[in-house]
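By my numbering, the letter at position 247 of the sequence shown is numbered 345, and the numbering carries on one by one without gaps. We treat Cβ as the ideally placed atom computed from N, Cα and C, and that holds for glycine.
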Amino acid sequence: MRINHNITALNTYNKLTANQATTAKSLEKLSSGLKINRAGDNAAGLAISEKMRGQIRGLDQATSNANDSISLIKTAEGGLNETHSILQRMRELAVQSSNDTNTTNDRAEIQKEIDQLSTEVTRIGNQTEFNTKKLLNGGAGLTTNIDRQSVAGVATAWFSITGGSADTEVENNLVISGATKAESANVNVTVGPTTADLKRTVNINGSDVSFTSTGTDSGTASAAATAINASETGVTARASGDVLLMSTKEVGGSSSLKVISDLAASGTTVSGNDTGANATITSASLGTSYVATGNSITITGGDQKGLELKLNGSVMSTTAASNSGQFDVIGNGSMTMHIGANEGQTMGVSISDMRSEALGVSALDLTTQTGAEAAITTIDTAISTVSSERAKLGAYQNRLEHTINNLGTSSENTSSAESRIRDVDMAKEMMEFTKNNILSQAAQSMLAQANQQPQGVLQLLQ
């Protein structure tokens with residue numbers, strides 16, 4: 099018999115501690131309803147269920163996206179419904195005007211209503227929108243972004259269309275003007291036919307600035323300027339198409355080069371013809387003209403900061419850190435609807451331009467019998483176009499409704515699988531809790547008995 103170590107009591111205590119820990123876990127599961135409350139409960143199950151949770155939430159959001167898409171389509175279709183009604187009225191008026199029982203004044207009054215109806219079709223196309231996105235103007239809510247960068251006095255602009263896919267058309271020129279120094283600017287342009295090659299060279303502080311205009315009978319020409327203020331490096335501005343236009347004159351015509359040595363100056367002009375020797379300007383003063391009979395001009399004095407070069411009246415500025423441009427979206431924009439839980443699960447929705455000009459009813463002439471007859475065919479075509487567009491929108495809507503049903507089924511099945519992994523079986527866990535609770539009470543009772551065993555040693559000591 100030993101009194102320093104009560105092994106029986108220690109063993110009973112360990113069992114009691116284990117039972118209490120198991121009982122505590124059962125209480126946690128019963129109170130939360132989850133059998134995985136921390137990674138230690140089931141590491142693999144936690145990882146799998148978390149992925150399922152992400153999928154479930156993605157499916158639910160995709161369902162919401164699809165419902166929003168249906169709302170957008172219904173909005174567009176509602177606008178087209180009214181457009182249809184207007185076109186039917188326009189056709190009715192065209193048929194009426196085709197009858198020669200109408201006088202000139204009668205047809206003039208009919209024309210007034212036709213014009214107003216055409217304007218209303220355009221207004222519907224311009225103002226039908228969902229969440230501020232224009233739906234019936236063919237742009238599908240596309241916007242124009244200008245990414246602007248300024249380096250050493252040169253502004254470069256990159257233009258992109260966001261919100262969908264569409265062709266772009268440059269309407270205004272990109273202007274680079276008004277700063278300090280620049281190294282180079284390259285321009286590609288298309289001009290009318292020329293019959294020969296022309297070349298002008300300007301030396302600025304020993305750095306060549308070369309304009310080369312070449313042309314063929316096909317009508318394509320290229321103008322380029324390089325190494326402006328060559329002490330600056332890494333600065334380039336590019337444009338193409340109708341941006342920064344350059345032009346040349348016919349062979350034998352005069353050409354001019356305008357040099358502005360400071361932003362506040364009005365300029366020094368040098369003019370000459372196509373042939374001859376070089377001319378050198380050593381000290382240019384504003385308002386003074388120099389006649390050059392050659393192809394090369396050298397400027398050796400003054401500050402060349404802020405140069406503006408003009409050839410034959412066509413301007414290319416290489417001195418600014420500002421830019422501007424305007425782009426029109428042409429063609430039909432496409433909206434992307436995300437209708438799935440994962441990347442790439444999208445569908446495209448395109449809505450054509452439904453304004454009067456696109457439908458061909460913007461300039462109907464019902465003031466004559468012949469014009470009214472032609473208008474009937476034109477309006478029939480417009481009605482067919484709108485009908486086709488509404489049918490397409492109906493197909494989109496039906497597809498999205500099936501998509502919503504499928505998303506709901508997928509979410510339900512995935513939720514069921516996630517529940518089997520993560521949710522606790524309350525009946526089974528209550529059974530475990532009851533068992534562990536009874537074992538804990540029994541261990542407490544036995545621990546009391548084990549603590550009484552060393553008392554027997556006292557009988558031996560009497």
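Exercise for the section: Check the C-beta distance from L491 over to A174 and give it rounded, since I have them as a contact under 8 Å. Expected result: Numbered from 1 along the sequence shown, position 393 holds the residue referred to as residue 491. Numbered from 1 along the sequence shown, position 76 holds the residue referred to as residue 174. Confirmed, Cβ separation roughly 6 Å.
Practice task
State the Cα-Cα distance for the pair S129 and S538, rounded to the nearest angstrom.
Solution key: By one-based count along the sequence shown, residue 129 stands at place 31. By one-based count along the sequence shown, residue 538 stands at place 440. Approximately 20 Å between the Cα atoms of the pair.
Problem - Those residues which DSSP pairs with L132 across a bridge - result: Here residue 132 refers to the residue found at position 34 when the sequence shown is read from its first residue. L132 pairs with D521.
Exercise for the section: Kindly indicate which three-state DSSP category E227 falls into: helix, strand or coil? Expected result: Here the question's residue 227 lines up with position 129 in the sequence shown. Strand at E227.
Handout entry: Status (buried if at least 16 other CB within 10 Å, exposed otherwise) for T378
Key = For this step, residue 378 is matched to residue 280 along the sequence shown. The predicted position of T378 is uncertain, since its pLDDT is 37 and thus under 50; no value can be drawn from it.
Handout entry: Beta-bridge partners of M445, as assigned by DSSP
Key = Here residue 445 refers to the residue found at position 347 of the sequence shown. Bridge partners of M445: M435.
Practice task
Compare the beta carbon distance of R151 and E516 with 8 Å and say whether it is the shorter of the two.
Solution key: Within the sequence shown, the letter at position 53 stands for residue 151. Within the sequence shown, the letter at position 418 stands for residue 516. Yes, these two residues count as a Cβ contact at 8 Å.
Exercise for the section: Taking the CB atoms as reference points, tell me whether S196 and E471 lie closer together than 8 Å. Expected result: Here the question's residue 196 lines up with position 98 in the sequence shown. Here the question's residue 471 lines up with position 373 in the sequence shown. Cβ atoms of S196 and E471: closer than 8 Å.
Problem - Straight-line Cα distance separating E227 from A141 - result: Reading the sequence shown from its first residue, position 43 is the one you call residue 141. Reading the sequence shown from its first residue, position 129 is the one you call residue 227. Near 49 Å, if we compare the C-alpha coordinates of E227 and A141.
Exercise for the section: Taking D198 as the reference, give the member of T110, Q159, S124, T465 with the closest Cα. Expected result: To locate residue 198, count along the sequence shown from 1; it is residue 100. The shortest Cα separation from D198 among T110, Q159, S124, T465 belongs to T465.
Exercise for the section: Compute the Euclidean distance between the alpha carbons of R189 and A164, then round it to the nearest angstrom. Expected result: Numbered from 1 along the sequence shown, position 91 holds the residue referred to as residue 189. Numbered from 1 along the sequence shown, position 66 holds the residue referred to as residue 164. C-alpha separation (whole angstroms): 37 Å.
Exercise for the section: Evaluate contact between the stretch 499-507 and the stretch 479-486, counting only Cβ atoms and requiring at least three cross-stretch pairs below 8 Å. Expected result: Short answer: they don't touch.
Problem - For K232, the residue or residues it bridges with in DSSP - result: Start at 1 with the first residue of the sequence shown, and residue 232 comes out as number 134. Note: K232 sits in a beta bridge opposite E227.
Exercise for the section: Count the other C-beta atoms from every protein chain shown that fall within 10 angstroms of the C-beta of A525, then say buried if there are 16 or more, exposed otherwise. Expected result: In the sequence shown, residue 525 corresponds to position 427, counting from 1. Flag for A525 reads exposed.
Handout entry: Assigned exposure category for I101 - 16 Cβ within 10 Å defines buried
Key = For the purposes of this step, residue 101 is taken as residue 3 along the sequence shown, with counting starting at 1. Its Cβ having fewer than 16 others within 10 Å, I101 is exposed.
Exercise for the section: Verify whether the separation of the beta carbon atoms of I519 and S167 is less than 8 Å. Expected result: Counting from one through the sequence shown, the residue named residue 519 turns up at place 421. Counting from one through the sequence shown, the residue named residue 167 turns up at place 69. No. Outside cutoff.
Practice task
Between the Cα of A439 and those of N511, R155, A192, spot the shortest distance and give me the residue it belongs to.
Solution key: Numbered from 1 along the sequence shown, position 341 holds the residue referred to as residue 439. Relative to the Cα of A439, the nearest Cα in the group N511, R155, A192 belongs to R155.
Practice task
Buried or exposed for I536, please, with buried defined as at least 16 other CB atoms from any protein chain shown within 10 angstroms of its CB.
Solution key: Translated into positions along the sequence shown, residue 536 becomes position 438. Per the 10 Å Cβ criterion, exposed.
Exercise for the section: Quick one: grab the DSSP three-state call for R189. Expected result: Along the sequence shown, read from residue 1 onward, the residue named residue 189 stands at position 91. Helix.
Practice task
Note down the Cα distance separating S460 from D451, rounded to an integer number of angstroms.
Solution key: Here residue 460 is taken as the residue at index 362 of the sequence shown, counted from 1. Here residue 451 is taken as the residue at index 353 of the sequence shown, counted from 1. Taking the straight line joining both Cα atoms gives about 13 Å.
Problem - Separation of T230 from L157, as counted between CA atoms - result: As a position in the sequence shown, residue 157 is number 59, starting the count at 1. As a position in the sequence shown, residue 230 is number 132, starting the count at 1. One Cα belongs to L157, the other to T230, and the distance between them is close to 26 Å.
Exercise for the section: Could you give the DSSP three-state label for N117: helix, strand or coil? Expected result: As a first step, residue 117 must be located in the sequence shown, where it is residue number 19. Three-state result, N117: helix.
Exercise for the section: Report the three-state DSSP secondary structure of T106 (helix, strand or coil). Expected result: Taking the first residue of the sequence shown as 1, we reach residue 106 at position 8. Here T106 sits in helix by DSSP.
Exercise for the section: Give the secondary structure of I101 by DSSP, where H, G and I count as helix, E and B as strand, and everything else as coil. Expected result: Position 3 of the sequence shown, counted from the start, is the residue given in the question as residue 101. The three-state reading of DSSP puts I101 in coil, since its state is none of H, G, I, E or B.
Practice task
Go ahead and label I105 buried or exposed: buried means 16 or more other beta carbons lie within 10 angstroms of its beta carbon, across all protein chains shown.
Solution key: Counting from one through the sequence shown, the residue named residue 105 turns up at place 7. Under this definition I105 is an exposed residue.
Exercise for the section: Would you grab the beta carbon distance between N549 and A116 for me? Rounded to a whole angstrom, and I think it's under 8 Å. Expected result: Numbered from 1 along the sequence shown, position 451 holds the residue referred to as residue 549. Numbered from 1 along the sequence shown, position 18 holds the residue referred to as residue 116. Actually they do not touch by this definition, with Cβ atoms about 19 Å apart.
Practice task
Using alpha carbons as the reference points, say which of L545, L125, G143, A192 lies closest to I477.
Solution key: As a working mapping, residue 477 is identified with position 379 in the sequence shown. Ranked by Cα distance from I477, the options L545, L125, G143, A192 are led by A192.
Practice task
Report yes if the C-beta distance between V522 and K127 is below 8 Å; otherwise report no.
Solution key: Locating residue 522 in the sequence shown gives position 424, counting from the first residue. Locating residue 127 in the sequence shown gives position 29, counting from the first residue. Yes; because the gap between Cβ atoms is below 8 Å, this pair is in contact.
Exercise for the section: Classify M529 as buried or exposed, calling it buried when 16 or more other Cβ atoms lie within 10 Å of its own Cβ. Expected result: To locate residue 529, count along the sequence shown from 1; it is residue 431. M529 counts as exposed, since fewer than 16 other beta carbons sit within 10 angstroms of its beta carbon.
Handout entry: From T121, G176, A160, N112, residue whose alpha carbon lies closest to that of E81
Key = The displayed coordinates of the chain run from 99 to 560. Any statement about residue 81 would go beyond what the structure contains.
Exercise for the section: Thinking L114 and Q542 are a contact (beta carbons under 8 Å), I'd like their distance in whole angstroms, please. Expected result: Taking the first residue of the sequence shown as position 1, residue 114 is located at position 16. Taking the first residue of the sequence shown as position 1, residue 542 is located at position 444. At roughly 6 Å, the Cβ-Cβ gap stays under 8 Å, so L114 and Q542 are in contact.
Exercise for the section: Would you kindly check if the distance between the Cβ of T120 and the Cβ of N534 is under 8 Å? Expected result: Walking along the sequence shown from the start, residue 534 turns up at place 436. Walking along the sequence shown from the start, residue 120 turns up at place 22. Going by beta carbons, N534 and T120 fall inside the 8 Å limit.
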